[in-house]
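Every letter in the sequence shown is one number past the one before it in our numbering, and letter 22, counting from 1, is 22.
Glycine is no exception: its CB is placed at the ideal position from the N, C-alpha and C atoms.
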Amino acid sequence: MPLRLSGTQLGHAATSVGRSPCLRVVFGEVDVVHAFGLKLQVPVLATLDIASLVLAAGAFVAMLRFHVGMIPVIFVSAALGAGWYLLV
Numbered sequence: 001m002p003l004r005l006s007g008t009q010l011g012h013a014a015t016s017v018g019r020s021p022c023l024r025v026v027f028g029e030v031d032v033v034h035a036f037g038l039k040l041q042v043p044v045l046a047t048l049d050i051a052s053l054v055l056a057a058g059a060f061v062a063m064l065r066f067h068v069g070m071i072p073v074i075f076v077s078a079a080l081g082a083g084w085y086l087l088v
């Protein structure tokens, strides 16, 4: 059975193209550069969040190197992120 999207869902998909929440997890600001007919998102290196980078890298290593399941990684990441938020 093919996947069918309504007009509203297609509109949301179209407006989310060009936005990258993945970059905004680690960087506070992302500049949009228009070049060669493309919209490129370039992170501002000065806004790098070290805690988010370490947490994301730890989750990446836990899942791919040590084969830890997704649910435990999500729970541990959430607990560590909440703990860091409360400390800082």
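Cβ atoms of residue j and residue i: under 8 Å apart, would you say?
i, j, result
"valine 54", "alanine 62", "no"
"valine 88", "alanine 56", "no"
"valine 73", "alanine 59", "yes"
Among the options, which residue has its Cα nearest to the Cα of residue i?
i, options, result
"leucine 45", "Glu29, Phe75 and Ala78", "Glu29"
"proline 43", "Ala51, Ala82, Val33 and Ser52", "Val33"
"leucine 80", "Met70, Ser52, Phe60 and Arg65", "Ser52"
"glutamine 41", "Met70, Gly58, Ile50 and Cys22", "Cys22"
"leucine 48", "Arg65, Gly37 and Arg24", "Arg24"
Tell me residue i's beta-bridge partners as DSSP assigns them.
i, result
"valine 54", "Looking at the DSSP assignment, valine 54 forms no beta bridge with any residue, so it has no partner."
"aspartate 31", "Val42"
"leucine 48", "Phe27"
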